[in-house]
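Here's the structure we're looking at; comments come further down.
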Amino acid sequence: MNCPKCKAAMAIVIFEDVEVDRCTACKGLWFDSRENERLKSKRGSEIIDSGDPKTGRKNNTIPYVRCPRDGNPMVRMVDPAQPHLWYETCSTCGGAYFDAGEFRDYKNLTVLDFIKDLFAKPRA
Ligand SMILES: [Zn+2]
Ligand SMILES: [Zn+2]
Numbered sequence: 033m034n035c036p037k038c039k040a041a042m043a044i045v046i047f048e049d050v051e052v053d054r055c056t057a058c059k060g061l062w063f064d065s066r067e068n069e070r071l072k073s074k075r076g077s078e079i080i081d082s083g084d085p086k087t088g089r090k091n092n093t094i095p096y097v098r099c100p101r102d103g104n105p106m107v108r109m110v111d112p113a114q115p116h117l118w119y120e121t122c123s124t125c126g127g128a129y130f131d132a133g134e135f136r137d138y139k140n141l142t143v144l145d146f147i148k149d150l151f152a153k154p155r156a
């Protein structure tokens with residue numbers, strides 16, 4: 033499989049029983065159907081996101097991305113709890129792509145996100 037962003041080869045990385053694909057060049061991460069959610073709940077799993085967030089931020093600006101599994105256009109997702117974080121998902125196979133540094137971010141809600149979330153909630 034090739035990276036949907038930079039087209040370099042992706043290599044399999046295993047964390048406990050979850051298998052993900054990591055780009056050998058830009059270190060973007062590919063998760064098959066909801067593995068990102070499974071992996072998010074595992075302690076220490078951010079270790080698989082070994083890329084440079086600077087490269088990730090650059091790749092994050094690529095507007096059109098096709099699914100590396102089935103070639104369908106991917107949709108940009110925003111996590112409501114972390115509105116600064118964009119990642120791409122495929123509605124056909126349920127896969128998700130995270131640029132380098134984004135999975136660490138996805139895993140760790142920052143204090144700032146937490147505060148923003150508090151203010152965003154309607155007061156009773
Ligand atoms: Zn790549
Ligand atoms: Zn797909």
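As numbered in the numbering used here, residues 33 to 156 make up the sequence shown, in order. Even for Gly, the Cβ is constructed at its ideal location relative to N, Cα and C. A quick note: this is a predicted structure, and the numbers were derived from the prediction, not measured.
- For Gly76, the closest C-alpha among the options Asp137, Lys37, Cys125 is that of Asp137.
- Counted as a single uninterrupted DSSP element, the stretch harbouring Pro85 is not any beta strand (DSSP E) but the alpha helix (DSSP H) occupying residues 85–91.
- Under the DSSP definition of a beta bridge, Met42 partners with Cys55.
- It is roughly 37 Å from the alpha-carbon of Asn104 to the alpha-carbon of Phe151.
- Glu78 is not a Cβ neighbour of Lys37, given a cutoff of 8 Å.
- Relative to Ala57, the option among Arg66, Ala43, Pro115 whose CA is nearest is Ala43.
- Taking every protein chain shown into account, the CB of Arg108 has fewer than 16 other CB atoms within 10 angstroms, so this residue is exposed.
- Secondary structure of Ala152 (DSSP, three-state): helix.
- Within its own chain, the residues whose Cβ lies closer than 8 Å to the Cβ of Asn91, once the five positions on either side in sequence are excluded, are Lys37, Cys38, Cys58, Gly60, Asp131, Ala132, listed in chain order.
- Its Cα nearest to that of Glu48, the residue Arg70 stands out among Arg70, Cys55, Cys35.
- For Tyr138, the uninterrupted alpha helix (DSSP H) run begins and ends at 134–139, by DSSP.
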